[in-house]
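The structure under discussion appears below in the form of structure tokens.
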Amino acid sequence: MTREKLRIGLFGFGCVGQGLLDVLNSSKGFKADIVKICVKDRTKKRSIPMSNFTFDKYDILNDPSINLVVELIDDAEEAFSIVTTAMKGGKNVVTANKMMIAKHFKELVEMQEEYKVSLLYEASAGASIPIIRNLEEYYDNELLYSLRGILNGTTNYILTKMYNEGIAYQEALKEAQEKGFAESDPTLDVEGWDAKYKLCIISGHAYGLFLDPGEVFHYGIKTISKFDIQYAKEKGFKIKLVPYVGKTNESTITSFVLPRFISHDKYLYNVDNEYNGVITEAAFADKQFFCGKGAGGHATGSAVLSDISANSYGYRYEYKKYQQGTVLNYTRNYKLEVYLRYQNEKDRELFGFEEVSEYFSGKFHKYVIGVVNLENLYALRDKLSDMDVFIVNTGRKF
Ligand code: HSE
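First residue of the sequence shown? That's 3 in my numbering, and the numbers climb one at a time after it.
Right, dumping it as structure tokens:
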């Protein structure tokens, strides 16, 4: 297969940009030319000579000799402007920007068709785990029942440190930031936004459904307490932040992001620190488990390099599930069993519990385990961050 000679214009030189350069420099089999790097901060010390950099995006976007734009900045709206300008100008693009893709998914898919360019973004979900290409290529004809996993390295790192070492939440978050796992605004990680954006991207490739992220319920780990971890430990569980997408019947799917109890016999139990894990359940392949580093410069850089390499031999996503034209409905009418730790009875009442199986009211802590409808959780979504509660999906069938 003939490979096109790549001349790359790179946007952003933070943790992932530097990671990509390291990976590219150590890669023996593959060479690509980074012609220019566009950055915002004029004062930041750089690891390579300043002659490699520009502060003007049009030095890249208007350079006809550059045939691939690699976008690794963390401002989703600016990224959208860069990516769409590049695509309209006939340049192929590789990006890791999950928020940008999730928020403009359908439009970006249509633009690839319209301008006959390719947009690849394996690094945007699960970093080093090649889940998007697997969904595109391997599962293109397979009936996929569900996909769940760990898609955020920062929260998994925090939960691991709190569970294994008893480290306080803030301290664990600080470590995750120092190690370059967290977003510039870490509320995106700890409130579950980041996992949700990744879930929306994955759903596009798994089911051909381009979900509006605003329609998907998400909840993070911001209010987790020592009590919750103690409870999980006593029952032999770990707590992980687990996005889920799956079929509720032939023609309908649901999705959400919630912390989940994981028992020691489950694949995700040993997925610790910044590692991510994805479990697919399909009609014939049955259950499969993918695991790998989900955050950090080198892990993400390796996925970006894989896309750059794929680009050089003309690879593009075909969005096979979408092209097949099967119309799927989306529902939030879905029942889950959850653990709710709370303080005020009034808060608990808002959840509309059905079938309560466990109830505890101590001097300092209260919790209830019972069935709730995802619709109720979604209706409460704006109030949840002010409530003294923590919600965990028990994952139990009922
Ligand atoms: N902040 C993200 C995470 C980076 O922690 O997973 C990788 O997408």
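Positions of the beta carbon are idealized from the N, C-alpha and C atoms, including for glycine.
{"Asked": "Runs of alpha helix (DSSP H) wholly within the region 284-365 (minimum 4 residues, chain order)", "Found": "299-314, 322-325 and 347-352"}
{"Asked": "Boundaries of the alpha helix (DSSP H) in which T86 is found, first to last residue", "Found": "A78 to K90"}
{"Asked": "Touch test, the region 341-351 against the region 318-326, Cβ-Cβ under 8 angstroms, three pairs minimum", "Found": "no"}
{"Asked": "Beta-carbon proximity check, G194 vs G222, cutoff 8 angstroms", "Found": "yes"}
{"Asked": "Cutoff 7 angstroms; reference F291; Cβ partners in own chain excluding five residues on either side", "Found": "Y269, G279 and I281"}
{"Asked": "For D65, the first and last residue of its enclosing alpha helix (DSSP H)", "Found": "Taken as a continuous stretch (DSSP letters only), D65 belongs to no alpha helix (DSSP H), as it is neither H nor E."}
{"Asked": "C-alpha distance - I226 paired with F392, whole-angstrom precision", "Found": "6 angstroms"}
{"Asked": "Between the CA atoms of E360 and S28 - distance to the nearest angstrom", "Found": "55 angstroms"}
{"Asked": "Among Y165, A381, T45 and K198, the one whose alpha carbon lies nearest that of G233", "Found": "According to the sequence shown, residue 233 is Tyr rather than Gly. Among Y165, A381, T45 and K198, the Cα nearest to that of Y233 is on Y165."}
{"Asked": "Contacts around S67, its chain only, beta-carbon distance under 6 angstroms, and the 5 residues preceding and following it disregarded", "Found": "R9"}
{"Asked": "Rounded Cβ spacing between G296 and G21 (contact assumed at less than 8 angstroms)", "Found": "About 13 angstroms separates the two Cβ atoms, so there is no contact after all."}
{"Asked": "Terminal residues of the alpha helix (DSSP H) in which K200 lies", "Found": "W195 to Y209"}
{"Asked": "Beta-carbon gap between V374 and F263 smaller than 8 angstroms", "Found": "no"}
{"Asked": "Option in D142, S205 and E138 with minimal Cα separation from Y317", "Found": "E138"}
{"Asked": "Enclosing beta strand (DSSP E) for L146 [first to last residue]", "Found": "L146 to I152"}
{"Asked": "For V119, three-class secondary structure by DSSP", "Found": "coil"}
{"Asked": "Span of the beta strand (DSSP E), counted from its first residue to its last, around T254", "Found": "T254 to S265"}
{"Asked": "Outcome for Y60 when other beta-carbon atoms lying within 10 angstroms are tallied against a minimum of 16", "Found": "exposed"}
{"Asked": "Nearest neighbour of L425, chosen from E377, S308 and S387 [CA to CA]", "Found": "With the chain running from 3 to 400 in the structure shown, residue 425 is simply not present."}
{"Asked": "The ligand HSE heavy atom lying under 7 angstroms from the CB of A183", "Found": "Looking at the sequence shown, residue 183 is not Ala but Phe. Yes, Cβ of F183 sits closer than 7 angstroms to a heavy atom of the ligand HSE."}
{"Asked": "8 angstroms CB neighbourhood of L376 in its chain, flanking five on each side removed", "Found": "F219, T256, F258, R334, N335, Y336, K337 and L338"}
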